[in-house]
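Residue numbering for the sequence shown follows UniProt numbering, beginning at 1 and increasing consecutively.
Worksheet: the structure to be examined is printed underneath.
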Amino acid sequence: MSESIGPNALIVEGGAMRGVFSCGVLDQFLAESFSPFDSFWGVSAGASNLAAYLARMPGRNLKVYTDYSCRRAFLTPGRFLLGRDLMDLDWMWRVTLEELGLDKEALRAESRPFFLGVTRRDSGEAEYHTPDPDDLADTMKASSALPLLYRNGVPLNGQRYVDGGVADALPVAEAIRRGARRVMVLRSRPASYRKAPTRAPRLLSRLLRDTPALIPPMLSRAERYNAALDLIRQPPKGVQILEVCPPEHFRLKRLTRDPAPLHQGYQLGQEAAQDAIQRWQESEVVITP
């Protein structure tokens, strides 16, 4: 895949259950046949939402959030205390692919690049993969594999990878570096949110002692996340960035498991999509010098 991309990019943030907001945005984009983008960038839950969008499967991921993610088979605190994974991503990917599927033919027909952000476990560095449809599910799982909640990461091409948000939660700078000049960013946090530094750096370092390369990026996540927010609000000359955030009263937690507020978050995303489409269409088109 060439390093260079077209000028119009869509970037979708992760955030576990908070990703139901961007799920609603993207489903409404499908309903409006809105897809003016040249490339797509997703991290963690954002990558999974984009996969359903590009596969043209509205409603698929809403069921994942409000049904499968709320089942005990996916999230069991007692299992974590016994030294196993808190989140059973293996079960989640297996059962949703078996019961909901993912339209590989639609994905193969899509010629625009879809970048999934992942983090190499042995170096802590960000990578942006563009897998073919047969490898997409494993890459989606890798992009969502939180280091402390899914302990061993996911093998891809001889390496192990963890959640893309560890190294680059908002890959705006990378999209701009590759040529994006007009960018829409779907967030999973209200606009006022700034990430706070970890409250227990020594404990976090101890918990990650078996994967030492992940300690520096995990400890510096807040600094890099907030720098990405600064870039979104003050892009370089010749670049336009349209940020789509949940409203300030959006209070879903990373591991919310109550279907009612998840449905409400999805509806907020649908409502925000209408405004996002209008803002995109009314904004001035950037002409690259």
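Don't be surprised by glycine CBs; every beta carbon is placed ideally from N, CA and C.
Under the three-state reduction of DSSP, which class applies to P261: helix, strand or coil?
-> helix
Expressed to the nearest angstrom, what Euclidean distance is found between the alpha-carbon atoms of A196 and A222?
-> 6 Å
To the nearest angstrom, how far is it from the Cα of V20 to the Cα of G265?
-> 6 Å
Pick out whichever of P7, E32, Y53, L75 has its Cα sitting closest to the Cα of R254.
-> L75
Look at the alpha carbon of K63 and the alpha carbon of L100, and state the distance between them as a whole number of angstroms.
-> 9 Å
Quick one: what's got a C-beta closer than 6 Å to L26's C-beta in the same chain, skipping five residues either side?
-> N49, Y53
Mind checking which residues open and close the alpha helix (DSSP H) that includes E99?
-> 89–99
Counted within 10 angstroms of its Cβ, other Cβ atoms place P289 as buried (16 or more) or exposed | Confidence at P289 is low in this model, with a pLDDT of 42, below 50, so the placement of that residue is unreliable and no value is reported for it.
Taking just the CA atoms, how far does G6 sit from R182?
-> 9 Å
Taking Cβ positions, are G117 and L214 nearer each other than 8 Å?
-> no
DSSP state of S48 mapped onto helix, strand, coil | helix
Is it buried or exposed for P217, if we count other Cβ within 10 angstroms and need 16 for buried?
-> buried
Can you name, in chain order, every residue of its own chain whose Cβ lies under 6 Å from the Cβ of K104, other than the five neighbours on each side?
-> P133
Within 10 angstroms of the Cβ of D168, are there 16 or more other Cβ atoms? Answer buried if so, exposed if not.
-> buried
Do A126 and M184 have their C-beta atoms within less than 8 Å of each other?
-> no
Between P36, A109, L148, S4, which lies nearest to residue 304 when the distance is taken from Cα to Cα?
-> As shown, the chain starts at 1 and ends at 289. That puts residue 304 outside it, with no answer to give.
What's the C-alpha gap between V44 and Q278?
-> The sequence shown places Ser at residue 44, not Val. Spanning the two alpha carbons is a distance of roughly 27 Å.
Locate the beta strand (DSSP E) running through V64, then write down its first and last residues.
-> V64 -> not in any beta strand (DSSP E); alpha helix (DSSP H) instead, spanning 60–66.
Can you tell me the Cα-Cα spacing of P236 and V95, whole angstroms?
-> 44 Å
Who are the Cβ neighbours of I287 in its own chain at under 7 Å, not counting the five residues just before and after it?
-> Bear in mind that a pLDDT of 44 at I287, under 50, signals an unreliable position, so the number given afterwards is only what the model happens to contain. Excluding residues within five positions, none has a Cβ falling inside 7 Å.
Please state whether DSSP places A200 in a helix, a strand or coil.
-> coil
Option in G238, L219, E243 with minimal Cα separation from A228 = E243
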